[in-house]
Every structure is written in structure tokens, then in C-alpha cells.
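Below is one structure, written out as C-alpha cells; comments come after it.
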Amino acid sequence: MTALRDAPWRAAGDDSIENLPPGMISPDERKYLGWLVREHFQGRGAILDMGVFTGASTCLFGEALRAIGKDKPGTIHSYDRFLMDAMMPRWIPDRREGDSFLPVWEANTRHLGDTVVCHPGDLLQERWQAGPVEILFVDIMKGWPLCEHVTRAFMPALAEGGFLVHQDLKFWACPWITYVMSKLRHCFEPVHNVIISTLGFRCTRQMTEADLDFEFGPQVLQDTSANVHFDWLLEVLPEPLDRVKIEGARARGYFMAGRPDLANEVLDRAREIYPANGYVYHCLPASRGFEEHRPEATRQRDRALEEEVLGTPTA
Ligand SMILES: C[S@@+](CC[C@H](N)C(=O)[O-])C[C@H]1O[C@@H](n2cnc3c(N)ncnc32)[C@H](O)[C@@H]1O
269 MTALRDAPWR AAGDDSIENL PPGMISPDER KYLGWLVREH FQGRGAILDM
319 GVFTGASTCL FGEALRAIGK DKPGTIHSYD RFLMDAMMPR WIPDRREGDS
369 FLPVWEANTR HLGDTVVCHP GDLLQERWQA GPVEILFVDI MKGWPLCEHV
419 TRAFMPALAE GGFLVHQDLK FWACPWITYV MSKLRHCFEP VHNVIISTLG
469 FRCTRQMTEA DLDFEFGPQV LQDTSANVHF DWLLEVLPEP LDRVKIEGAR
519 ARGYFMAGRP DLANEVLDRA REIYPANGYV YHCLPASRGF EEHRPEATRQ
569 RDRALEEEVL GTPTA
């Protein structure tokens with residue numbers, strides 16, 4: 269396995285992350301996306317850009333394609349439903365929940381011209397039938413249905429040697445991504461560990477129908493046989509900060525499968541293993557969805573620790 273501790277994109281002097289549209293991806297994630305195209309893109313397939321929001325990733329990909337020049341031509345396919353949710357006015361203050369933000373993305377990416385093809389609308393209605401994919405950037409797997417759809421309708425087009433970048437792999441709230449990548453581990457090698465939530469994989473073997481012969485849905489995480497998936501990721505990412513996030517995802521997976529008992533066990537064990545502050549800051553939100561299932565004493569302790577770390581009590 270490649271040394272996941274190496275982060276060459278961090279060292280590279282990179283002014284391409286200045287003046288980008290605002291958004292939810294971190295500075296390290298921004299540096300990484302441009303570097304990935306500049307260093308690894310061969311011009312043998314498309315770049316799929318999923319969950320583009322205001323267009324930061326689109327600009328990073330587009331500007332990196334320009335930088336590597338015409339001998340490695342590429343097209344970016346950008347996907348989003350472009351509908352404001354309750355959180356988004358923080359980044360686009362002049363729009364309200366339910367408004368379209370497509371004009372914002374268009375204004376931010378217009379300079380990239382026909383390098384970019386936009387696919388507005390619900391991704392669940394889209395399929396990919398336009399040839400090989402070389403980079404698949406996924407910041408859109410926000411639930412089981414999107415996880416299954418991206419995996420079945422897009423991931424099989426990723427060519428051997430191409431890259432799959434999961435922005436939410438280390439995010440405690442998306443346990444399905446750990447599950448699916450564990451199921452497909454024979455087709456992917458984890459190669460880039462990016463701050464805050466991203467893991468980049470190299471495709472070592474193009475997926476076939478046979479690779480997709482498994483179930484999706486919260487029920488697949490309903491008993492301790494699911495531990496194998498989170499334990500696989502713990503081996504890939506042994507650093508304490510990453511381990512804390514993985515335990516948060518394991519707990520959330522159990523909770524969503526109707527097993528708050530197992531979720532509580534995971535959180536209690538994680539508390540004993542990891543430093544309180546790291547645990548609270550990264551994992552406590554995992555307990556919010558099942559607050560009423562937590563013993564009262566544990567809830568009080570969580571609130572006190574969170575107040576100590578974040579300075580504000582849990583609502
Ligand atoms: C976490 S945000 C992406 C953040 C973005 N990558 C950035 O750099 O700021 C997730 C995006 O997925 C989009 N999205 C969520 N569900 C979708 C769906 N079913 N179809 C299309 N887009 C969807 C949202 O509109 C949102 O822009």
C-alpha cells in the first residue's frame with residue numbers, strides 16, 4: 269500500500285486555491301484536487317465532479333486541465349441539483365432555502381468554457397454512458413440511495429489506474445461509504461489521505477457486474493458482522509484522529525440500522541480508547557440522532573465535555 273502519510277499536494281506551492289468560490293471543502297482538499305489532475309490525469313477519460321455546490325471543485329479541475337495543456341485534453345462533468353438547503357445561505361447569503369443556486373455556479377465557472385458540461389437535477393435520475401472515467405470526485409453520497417446509485421451507475425466506468433475521491437469517507441455521518449469501499453476493496457487501493465474528510469483511491473481493477481453483487485441499505489449494518497468494514501478502515505487509517513471519526517461512523521451505522529444498543533457500546537468503547545477532547549469534538553454529533561437512547565449519566569457527561577471543547581452547550 270502507498271504511504272498514506274505522504275501528502276505531496278501540501279508541499280507543492282499552489283496559488284490555484286486563492287480566489288476560488290466559497291464552499292464546504294477544506295484548504296487541503298482544494299490543494300489536493302488540483303494537484304491530482306496536474307500530477308495524475310492522463311487524458312484517457314472524463315472527470316466527474318459530483319456535488320459541486322458553488323463550483324470550487326469545478327474551478328480546481330478546470331484550471332488544472334488548463335495548466336497541463338492540450339496534449340492531455342479532458343472534460344469535466346459537473347453534477348448537482350442546485351437547490352438551496354437550510355445550511356447553504358452561510359455560503360450564498362443572498363439566496364434562501366428552496367432557491368436555485370445554478371446561476372452562482374454558472375457565474376463562477378463560465379471562464380472554463382466548454383471544458384465543463386453541467387448536469388443539473390437529481391443525480392438519482394442520471395446515468396453515465398459516455399465512455400471511460402479517469403477521475404470520479406464524490407461529494408454527493410449523502411444517504412444510502414445516492415450511495416447505491418453512484419456505485420452502480422457511475423463507478424463501473426472508472427478505468428483501471430483512474431482515481432476515486434470520496435470527500436465524505438472520514439465523515440462520521442456517512443457510514444455507507446466505508447461499507448461500500450470495504451466491499452470493493454479488491455478493486456481500489458487507498459492512496460491519498462486528505463484533511464478533513466477525504467480519502468483518494470486508485471482503481472486497481474475496473475469493476476464488473478459481479479463486483480456489485482451485494483446489498484445496500486441500513487440493514488447491512490444491523491449486527492456485529494458489520495464490524496469487518498469499519499475494522500478494515502481502521503487498518504487503512506491508524507492515526508487517532510481518523511480512528512475517532514471511523515468509530516463515529518460505526519456508531520451512526522448501527523443507530524441507523526435500528527441498533528442503538530450497539531451504537532452506545534461503540535461510543536463508550538471509543539471514549540475509553542481515545543482522548544476525551546478528540547472524541548467529543550469529532551464523534552459526539554454521532555450521538556445526537558439517538559440522544560434519547562443514551563443513558564442520562566452519559567448524556568450529561570457528553571454535554572459537559574462538549575461545552576468544555578466547543579464553548580457552547582448542546583441544543
Ligand atoms: C456537501 S455539498 C458539496 C460541497 C461542495 N463539494 C463544495 O466544494 O463546497 C453536497 C452537494 O450535493 C448536492 N446534492 C445532494 N443531493 C443531491 C441529489 N440527489 N442530486 C443532485 N445533487 C445533490 C447538494 O445540492 C450539494 O451541493
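Taken in order, the sequence shown gives residues 269 to 583; the numbers are from the working numbering. Every residue, glycine too, gets a C-beta built ideally from N, C-alpha and C.
(1) Just to confirm, does D407 get its C-beta within under 7 Å of one of the non-hydrogen atoms of ligand 1?
(2) Could you please give the first and the last residue of the uninterrupted alpha helix (DSSP H) stretch that includes G521?
(3) Might you give, ordered along the chain, the residues of its own chain that have their beta carbon closer than 7 Å to the beta carbon of W277, omitting 5 neighbours on each side?
(4) Return the chain-ordered ranges of every alpha helix (DSSP H) run that is complete within the segment 304-380 and spans a minimum of 4 residues.
(5) Can you tell me which of R349, V384 and G381 puts its alpha carbon nearest to the alpha carbon of D390?
(6) Helix or strand or just coil, what does DSSP make of E483?
(7) Relative to the alpha-carbon of A525, which residue among F309, G411 and L426 has its alpha-carbon at the smallest distance?
(8) Around the Cβ of R539, are there at least 16 other Cβ atoms within 10 angstroms (buried) or fewer (exposed)?
(9) For the beta strand (DSSP E) holding R470, just list the boundary residues, first then last.
(10) Below 8 Å between beta carbons: does that hold for L432 and L404?
(11) Could you spell out where the beta strand (DSSP E) holding H387 opens and where it closes?
(12) Count Cβ pairs between the segment 332-346 and the segment 303-321 that sit closer than 8 Å; are there 3 or more?
(13) Quick check on P458: does DSSP put it in helix, strand or coil?
(14) Ligand 1 and M292: does the residue's C-beta get closer than 7 Å to at least one heavy atom of that ligand?
(15) How about D409 and I464: are their beta carbons less than 8 Å apart?
(16) Whole angstroms is fine: what's the gap from G342's alpha carbon to T326's?
(17) Using only the heavy atoms of ligand 2, determine whether one of them is closer than 7 Å to the beta carbon of V459.
(18) I403 bridges to which residues according to DSSP?
(19) Tell whether a beta-carbon distance below 8 Å holds between L328 and L288.
(20) When the Cα atoms are used, what is the spatial distance from M423 to M475?
Checking against the coordinates, here is how it stands:
(1) yes
(2) P508 to M524
(3) K299, Y300 and W303
(4) 324-336 and 370-377
(5) R349
(6) coil
(7) G411
(8) buried
(9) T466 to C471
(10) yes
(11) V384 to P388
(12) yes
(13) strand
(14) yes
(15) First, the residue type needs correcting, since residue 409 is Met and not Asp in the sequence shown. Not in contact: M409 and I464 (Cβ atoms no closer than 8 Å).
(16) 12 Å
(17) With respect to small molecules bound, the structure shown includes ligand 1 and not ligand 2.
(18) I315 and F431
(19) yes
(20) 8 Å
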